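These protein sequence lines are chains A and B, in that order. Its first residue numbered 18, the first sequence is counted upward by one per residue in my numbering. Its first residue numbered 142, the second sequence is counted upward by one per residue in my numbering.
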Amino acid sequence: MIAKEVDFLRMSARQLLTKRLRVALTVLGIAIGVAAVIGIVALSDGIRYQAIETIKAQSDLTLIEVHPMTTEGVTQFITDSNIAALRTTPHVIAVAPAFTDSYSTNRQTFLQVIAVSGDEINKVLNLKYTAGRAFVPATPEVVFGADLKDRLQRNEGIRIGDTFTALVRDYDANGMPVDREVPLTLVGGLGNRDDQFDNYVLIDATTASRIRGNARGYDTVFVRVDDPDAVFGVVDTITAQGLEAKGAFEQIRAVNQFMDAILIIFMIFAIFALFVGGLMITTTMITSVYERTREIGITMAIGASENDVIRLVLYECLLIGIIGGIVGDFLGYLFTVVLNTVGKPFIIARMGPEFTSIFGNEIARLSPDMVVAGMAIAIVFSLGAGLYPAVKATHLNPVEAIRGLI
Amino acid sequence: MTDGIQTISLSKQFANGVTALTDISIAIRQGDFIALVGRSGSGKSTLMNILGGLDTPTAGSVSINGNVVDFRNRKNLIDLRRSQVGFVFQQFNLIPTLNAMENVGYPLLFNYVPREDRNERAVRLLTMVGLGERTGHLPHQMSGGEQQRVAIARALVGNPSVILADEPTGNLDSKTSAEIYQLMREVNGKKNVTVLIVTHERELASYCDRTIELRDGRVVS
């Protein structure tokens, strides 16, 4: 069986060798299409990779913030069962439920308060203290984020160890605001995290509930995931519970969506190039069938079936596709090399030296999958383009073909 | 009669209304060496094409070695061309990119005969037709007579029971024509192959055992 197909393939190869220049030009046509696809995907992947790596380097990707989802004015609060489900979700290594509140200082500095369990939030955020210590549960002790600590020390003179007055706003029976004074003690300051915690006040959840005078439901859960690649799976689990997930992963998702959109637009042009390559194959094969009308007639007269004729023509297309795929992959590789060696310094020079780190690696990335895909695209397009000439060949009348009447 | 070729009331009318054959009933025994003669347009080639399964009749039937050819069954026609009939054409019609050995073995490709077997059979037949030393030559490197010898070897490679030759010497000089007829005669004798030669040359037809003459699509003798 295989030997038979090899025989057909050999016969088709012989045919191609008789028209080298035409075949070479056809191969070039399909190769340019493949190279365009590979180049565009490689460039897109490179930019996507750089953007995601930058986000990973600058963001805490494995931290997810979970919030209640509000749909058509109805808010689904975070329940204990939600939290229990989060704790058992694969790849989740720590969960810290919290609720938010807002106080102010005597000088009306707004304080965004996060009420948490100290142990749990430490596990999730791996908090580092540059001054003082963590708060003790069930005491009016608080910890400031790095920026808030510096700001209040500079503007209001509040230092580690100081007890200061926080204003907690309530509303009376008439709905009028009433500020209540609550003494709090600053016991620690967090190191700089470059995230929202730099401006937060951390307080024990029990203490925060007592300050408000009632037990509060959770409106935020901080979730730590063990693997950046597992984040999207955990996010899916969270949203499946009817909750909203936020975090640095959203930036990656946005980058992916943006790059996908760009890729689709670029691919339209690449597909045009491939289409032109396909047309070249169709033209080449139609010409070939036309030139070999008599030969095909003889072939049918001496016992070839329609399938045999189709196979002979399509094997020629297959060979063109394979060679086109190889050349296209090579051209695509050259394109990425040129882009990474010549294009990268050019882009950095245009964008400024601060972008050097962003384009620290390659700006075009050629993966083995792309090489295989390039080959597959070339073969599929070649075979597709050869179908019409192949079927046309079988419709030849052998008698007329042999007599040269067609 | 079971072996050989038999046609009963064979007729052929083309789509343009031209009648090529009318009520042709002939019987050719296995091993006969027959000349099919007639003027241009008398229906010789049409009859040969129908006998070889390259064309279909509008009426009548054809039997080869007792088997009625089913002209509606494409597979049956392909099998007929692969295993029962060998063609020799006026223009030789060799594949220009294949050498003599490959040309002779070419029909066996479609019978899925392994390459080594194809080559072996091709060399044997080329030796038989006197071209054992020219197996590697391409058609354009050979004379017309040699090309026709290769074509005869190609027609024989599938061990057919019938060889249909359409003006096989039409492009050859008289000396070479005689040699080709001599070769076909030898083939006919050695292999007991029925040979039907279409020709308009009466002198060459005299080499044959019997002559069937067509005129305006009818058998006249």
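We put the CB at the ideal spot given by N, CA and C, even for glycine. Here the structure is a predicted model, which is why all the values come from computation and not from measurement.
Taking 8 Å as the CB-CB limit, is residue i close to chain B?
{"i": "A/Ala318", "result": "yes"}
{"i": "A/Met302", "result": "no"}
{"i": "A/Thr35", "result": "yes"}
{"i": "A/Ile279", "result": "no"}
{"i": "A/His412", "result": "no"}
{"i": "A/Glu308", "result": "no"}
{"i": "A/Val416", "result": "yes"}
{"i": "A/Ile419", "result": "yes"}
{"i": "A/Met28", "result": "yes"}
{"i": "A/Asp460", "result": "For residue 460 of chain A there is no data in the structure shown, the boundaries of chain A being 18 and 423."}
Could you check the C-alpha separation between residue i and residue j for me, to the nearest Å?
{"i": "A/Leu280", "j": "B/Tyr253", "result": "47 Å"}
{"i": "B/Arg265", "j": "B/Gly273", "result": "8 Å"}
{"i": "A/Leu144", "j": "A/Ile138", "result": "8 Å"}
{"i": "B/Thr286", "j": "B/Thr317", "result": "For the record, residue 286 of chain B in the displayed sequence is Gly; it is not Thr. The straight-line gap from Cα to Cα measures roughly 6 Å."}
{"i": "B/Thr276", "j": "A/Ala390", "result": "44 Å"}
{"i": "A/Glu312", "j": "A/Gln32", "result": "11 Å"}
{"i": "A/Val112", "j": "A/Leu260", "result": "15 Å"}
{"i": "A/Asn414", "j": "A/Val326", "result": "13 Å"}
{"i": "A/Leu142", "j": "A/Ile340", "result": "55 Å"}
{"i": "A/Val44", "j": "A/Ile337", "result": "6 Å"}
{"i": "A/Phe283", "j": "A/Glu22", "result": "38 Å"}
{"i": "A/Ala155", "j": "A/Tyr146", "result": "20 Å"}
{"i": "B/Arg290", "j": "B/Leu267", "result": "8 Å"}
{"i": "A/Thr35", "j": "A/Leu60", "result": "38 Å"}
{"i": "B/Arg215", "j": "B/Gly194", "result": "9 Å"}
{"i": "A/Pro245", "j": "A/Ile81", "result": "11 Å"}
{"i": "A/Gln75", "j": "A/Leu404", "result": "52 Å"}
{"i": "A/Ala271", "j": "A/Ala265", "result": "10 Å"}
{"i": "B/Gln288", "j": "B/Gly311", "result": "13 Å"}
{"i": "A/Asp242", "j": "A/Asp386", "result": "The sequence given here places Val at residue 242 of chain A; Asp does not occur at that position. About 29 Å."}
{"i": "A/Ile220", "j": "A/Thr254", "result": "29 Å"}
{"i": "A/Ala183", "j": "A/Arg124", "result": "10 Å"}
{"i": "B/Arg213", "j": "B/Pro198", "result": "10 Å"}
{"i": "B/Glu342", "j": "A/Arg37", "result": "43 Å"}
Step through the CB atoms of chain A and report whether any lies within less than 8 Å of the CB of residue i.
{"i": "B/Ile304", "result": "no"}
{"i": "B/Phe228", "result": "yes"}
{"i": "B/Tyr253", "result": "yes"}
{"i": "B/Gly299", "result": "yes"}
{"i": "B/Asn234", "result": "yes"}
{"i": "B/Thr276", "result": "no"}
{"i": "B/Ile219", "result": "yes"}
{"i": "B/Leu250", "result": "yes"}
{"i": "B/Thr238", "result": "yes"}
Throw me the rounded Cβ distance for the residue i and residue j pair, which I believe falls under 8 Å.
{"i": "A/Ile122", "j": "A/Phe214", "result": "Ile is not the amino acid found at residue 122 of chain A; the sequence shown has Thr there. Wrong, their Cβ atoms sit about 19 Å apart, outside the cutoff."}
{"i": "B/Leu162", "j": "B/Gly184", "result": "5 Å"}
{"i": "A/Thr411", "j": "A/Glu267", "result": "Their Cβ separation, rounded to whole angstroms, is 56 Å, which puts A/Thr411 and A/Glu267 out of contact at 8 Å."}
{"i": "A/Ile177", "j": "A/Gly149", "result": "4 Å"}
{"i": "A/Leu203", "j": "A/Ile228", "result": "Not really, about 16 Å apart at Cβ, beyond 8 Å."}
{"i": "A/Thr79", "j": "A/Val248", "result": "6 Å"}
{"i": "A/Val251", "j": "A/Thr106", "result": "6 Å"}
Residue i lies in the alpha helix (DSSP H); which residues open and close that run?
{"i": "B/Gln289", "result": "285-297"}
{"i": "B/Met189", "result": "185-192"}
{"i": "A/Thr223", "result": "222-229"}
{"i": "A/Glu379", "result": "Where A/Glu379 is concerned, there is no enclosing alpha helix (DSSP H), given that its DSSP letter is neither H nor E."}
{"i": "B/Tyr322", "result": "315-332"}
{"i": "B/Glu261", "result": "256-269"}
{"i": "B/Ile146", "result": "Careful: B/Ile146 lies outside any alpha helix (DSSP H), inside the beta strand (DSSP E) at 146-154."}
{"i": "B/Ala176", "result": "Where B/Ala176 is concerned, there is no enclosing alpha helix (DSSP H), although the beta strand (DSSP E) it sits in stretches over 174-178."}
{"i": "A/Gln32", "result": "19-34"}
On the DSSP letters alone, give me the boundaries of the beta strand (DSSP E) that residue i sits inside.
{"i": "A/Phe181", "result": "180-188"}
{"i": "B/Tyr201", "result": "For the record, residue 201 of chain B in the displayed sequence is Gly; it is not Tyr. Where B/Gly201 is concerned, the enclosing beta strand (DSSP E) stretches over 200-205."}
{"i": "A/Asp196", "result": "194-207"}
{"i": "A/Pro107", "result": "From DSSP, A/Pro107 is part of no beta strand (DSSP E); its letter is neither H nor E."}
{"i": "A/Ala132", "result": "127-133"}
{"i": "B/Ile165", "result": "160-169"}
{"i": "A/Gly149", "result": "146-149"}
{"i": "A/Met86", "result": "80-88"}
{"i": "A/Glu158", "result": "158-161"}
**OP:** Flag this pair as touching only if the segment 234-250 of chain B and the segment 279-297 of chain B have three or more C-beta atom pairs under 8 Å; answer yes or no.
**Re:** yes
**OP:** Mind the definition here: the segment 171-180 of chain B touches the segment 331-339 of chain B only if three or more C-beta pairs lie below 8 Å; say whether that holds.
**Re:** yes
Original post:
Given 8 Å as the limit, is there contact between the segment 213-230 of chain B and the segment 290-309 of chain B, that is, 3 or more CB pairs closer than that?
Top reply: yes
Original post:
With contact counted as at least three CB pairs below 8 Å, one residue from each stretch, are the segment 381-400 of chain A and the segment 59-76 of chain A in contact?
Top reply: yes
Original post:
Given 8 Å as the limit, is there contact between the segment 287-294 of chain A and the segment 39-54 of chain A, that is, 3 or more CB pairs closer than that?
Top reply: yes
Original post:
With a cut-off of 8 Å, do at least 3 Cβ pairs link the segment 345-363 of chain A to the segment 402-418 of chain A?
Top reply: no
**OP:** Evaluate the contact criterion for the segment 305-320 of chain B versus the segment 144-159 of chain B: three or more CB pairs, one atom per stretch, below 8 Å.
**Re:** no
Original post:
Between the segment 248-258 of chain A and the segment 124-136 of chain A, are three or more C-beta pairs nearer than 8 Å?
Top reply: no
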